[in-house]
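In my numbering, the protein residues as written are 55 to 589.
Every residue gets a Cβ at the ideal spot worked out from N, C-alpha and C, and that includes glycine.
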Amino acid sequence: MDRREVIKGLAMLPIGGSFLAMAEAKDQGQTGPLQANGDIYGSIGVDTIINCRGTFTIIGGSRERPEVLDAMKAAAGNFIQYDELAAGIGQRLADITKAEWGIITAGCAAAMKHATVACVTGGNPEILMKVPFLKDVPKNEVIIPRHSRNVYDAAIRNVGVTIIEVNTPEELEQAINPRTAMIYITTSRASAEGQPLSLENIARIAKPKNIPVLVDAAAEDLTIPVVHFARGATLVAYSGGKAICGPQCAGLLLGQKDILQSAWQASSPHHGPGRDNKVGKEEMMGMLAAVEAWTTRNHPQEWDNWMKWLGQIAEAATKVKGVTTQIQEPYDLNNRAPTLHIQWDPAALHITGPELAEFLGRNKPRIAVGGRDNGENSTLITVTPSQMIASEVPIVANRIQEMLKQKRTPKKAMAAPAGSMAGRWTVVIQYSSSQTSHKWFLEQDENWLAGRHESDFAAQDIIGTMEGNFVKLYSTYREPGKSVPFMFSGTLEGNTLSGNIHLGEYQNAKFTATRQDYQAPRRTILIPDGPPLAT
């Protein structure tokens with residue numbers, strides 16, 4: 055795909071995941087007392103969304119099971135001692151899951167954090183008090199295969215450990231040393247059986263050296279017994295608010311009992327680095343109820359319902375000429391739900407999948423769907439049914455059909471640029487409570503812009519468009535486990551461009567860019583005929 059195709063895809067950005075935060079927050083105050091038995095969100099001016107994306111935290115995760123709500127309500131009526139509660143829950147989780155032990159945490163990220171701290175401290179409270187300043191601590195390194203680096207490993211980095219990245223089994227062997235506290239991996243194709251750095255291969259290297267292996271299975275279905283223990287995992291972390299349908303703010307950590315006891319020591323209500331990851335007695339009992347309910351849920355019936363709903367939506371969509379559908383099923387335990395792909399030629403319907411997803415997500419009834427381009431003559435939206443309810447299906451089906459059959463005129467050609475963006479720019483950015491300065495180095499080819507963006511800590515490629523005097527630019531600050539998108543849009547007036555920045559999940563900012571007068575240095579260069587005569 056060339057840069058022009060990339061830019062076309064930036065014109066409209068889909069709702070869901072990090073992109074939901076791109077919209078300016080509505081400045082709406084409370085419109086009246088909370089309507090606990092009605093539209094509680096509407097009573098503070100917030101629109102509800104029909105979730106056809108799945109268990110994304112930014113749109114609420116999953117629907118809590120009735121058993122979860124009942125357990126939380128029952129737990130709220132009494133007081134307990136938290137260590138005694140943790141012991142009771144730990145034993146009950148062991149009985150249900152066949153794991154050695156379990157603890158409830160404040161989400162999967164907290165489970166990862168507490169597991170890391172446990173492997174660093176070994177339950178020693180003096181070492182616990184050192185976190186995150188681990189220079190003099192015996193174990194202060196965590197190994198992560200390159201394939202498992204992701205934005206969620208911030209939970210591990212926040213402990214203060216040094217991350218050692220490896221790419222091969224040989225590098226893993228060499229990386230393990232007396233300071234190694236733990237190895238962390240995610241469940242993915244790259245860690246599947248048969249891959250060079252599969253869980254099996256990692257465990258084969260780590261076990262003889264007594265190095266714990268933490269598996270991040272946040273979005274997976276819970277298996278009983280947990281399949282990853284048979285593959286060699288020491289600890290496995292799950293999100294409570296995804297497939298298990300527990301409290302959105304809860305997580306589950308299963309595995310070796312002595313390490314989990316150290317993890318519980320490192321978590322709230324105990325003082326130290328985990329105090330900020332508080333999980334209430336209500337969420338703890340609600341999460342336990344979700345695990346219990348997992349064993350009695352009619353999973354085949356849930357799947358049949360999802361397939362039926364997708365069939366109804368597909369039937370409505372394919373009544374529009376040129377629209378085709380396909381249901382894709384997951385290949386592993388992650389995000390295990392079918393997904394409906396609704397495809398068409400954007401040249402025929404004059405709208406792209408990302409544009410339709412954006413429209414559906416921003417206009418009532420708000421529906422969150424995925425959207426992407428799928429090649430030169432194909433675009434699509436995706437519908438995931440796992441967090442839908444039956445009454446939402448006809449709403450979604452009718453709305454998608456309505457939007458697909460809407461008559462649209464072909465898009466106009468891009469307007470000619472009204473000026474030039476070529477040159478060096480100083481970009482003053484105003485964040486919510488601070489200001490900083492970046493630089494752009496831009497070239498222009500008709501409507502198309504490209505160059506380099508120097509942000510606070512890195513330099514990255516930047517691409518964009520100019521139509522009339524309106525400019526869009528896009529770059530991404532990216533490191534292993536870190537990513538920040540910069541989407542600039544503004545109006546050029548002379549040598550000044552000002553406007554807004556969408557920062558994905560990191561909300562918004564404003565900017566003013568000023569073109570700099572720059573004269574490249576000119577001087578002749580003498581190349582010596584031999585070695586230097588002085589140094």
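Under the three-state reduction of DSSP output, glutamate 497 falls in the strand class. If the five residues before and after asparagine 388 are omitted, its C-beta is found closer than 7 Å to the C-beta atoms of Thr241, Ala273, Glu274, all from its own chain and listed in chain order.
Relative to the Cα of arginine 211, the nearest Cα in the group Ala148, Met236, Leu434, Lys526 belongs to Met236. Distances from the CA of arginine 420 to each of Leu410, Thr589, Ala208 were compared; the closest alpha carbon is that of Leu410. Of the residues Ile198, Asn231, Ile103, Thr234, the one whose Cα lies closest to the Cα of asparagine 221 is Ile198. Taken through DSSP and simplified to helix, strand or coil, valine 437 comes out as strand. When the Cα atoms are used, tyrosine 136 and methionine 166 turn out to be separated by approximately 20 Å.
When DSSP assignments are scanned along the region 243-301, the uninterrupted stretches of beta strand (DSSP E) that are 3 or more residues long and fall wholly within it turn out to be 267-270, 289-293. Alanine 130 and leucine 289 do not touch by the CB rule: their CB atoms are close to 30 Å apart, not below 8 Å. Assignment of glutamine 484 by DSSP, reduced to helix, strand and coil, places it in the strand class.
If you look at tyrosine 136, you'll find it isn't in any beta strand (DSSP E); it sits in the alpha helix (DSSP H) that goes 136-151. A Cβ-Cβ contact shorter than 8 Å links valine 345 with threonine 151. Glutamate 456 and threonine 550 have their alpha carbons spaced roughly 42 Å apart. Cysteine 106 places its beta carbon 8 Å or farther from that of alanine 451. In the pairwise beta carbon analysis, the region 457-474 is classified as touching the region 512-525: at least three pairs are separated by under 8 Å. Around the CB of lysine 261, fewer than 16 other CB atoms lie within 10 Å, so the residue is classed as exposed. In the DSSP assignment, alanine 513 falls within the unbroken beta strand (DSSP E) covering 513-521. For serine 316, the uninterrupted alpha helix (DSSP H) segment begins and ends at 311-319. Per the DSSP secondary-structure output, leucine 394 pairs in a beta bridge with Ile381, Val437. Take leucine 139, set aside five residues on each side of it, and the residues of its chain with a beta-carbon closer than 7 Å to its own are Lys335, Met338, in chain order. Contact between the region 177-192 and the region 315-322 is present: 3 or more CB-CB pairs across the two stretches fall below 8 Å.
With respect to the 8 Å criterion, valine 280 and leucine 308 are classified as neighbours on the basis of their beta carbons. Residues Thr378, Ser432, Leu434 of the same chain have their beta carbon placed closer than 6 Å to that of glutamine 397, with the five preceding and five following residues left out of the count.
Its Cα nearest to that of alanine 370, the residue Leu394 stands out among Thr578, His353, Arg351, Leu394.
Shown here for lysine 332: same chain residues with a beta carbon closer than 8 Å to its own, the five before and five after excluded, namely Ala160, Ser322, Pro323 in chain order.
Secondary structure of histidine 325 (DSSP, three-state): coil.
DSSP places alanine 563 inside the beta strand (DSSP E), whose first and last residues are 562-570. The region 573-588 and the region 495-507 do not touch, with fewer than three beta-carbon pairs separated by less than 8 Å. Following the DSSP letters along the chain, one finds aspartate 124 inside the alpha helix (DSSP H) bounded by residues 120-129. When secondary structure is reduced to three states using DSSP, asparagine 554 falls in the strand class. By the criterion of at least three beta-carbon pairs nearer than 8 Å, the region 115-129 is in contact with the region 287-301.
About 6 Å separates the Cβ atoms of alanine 291 and alanine 271, confirming a contact at the 8 Å cut-off. In this chain, the beta strand (DSSP E) harbouring histidine 507 covers 502-508.
Residue Asn562 holds the alpha-carbon nearest to the alpha-carbon of serine 487 among Arg351, Asn562, Ala444, Pro539. Distance from the CA atom of glutamate 430 to the CA atom of alanine 469, rounded to whole angstroms, is 22 Å. In the DSSP assignment, the residues bridged to lysine 526 are Thr519, Ser543.
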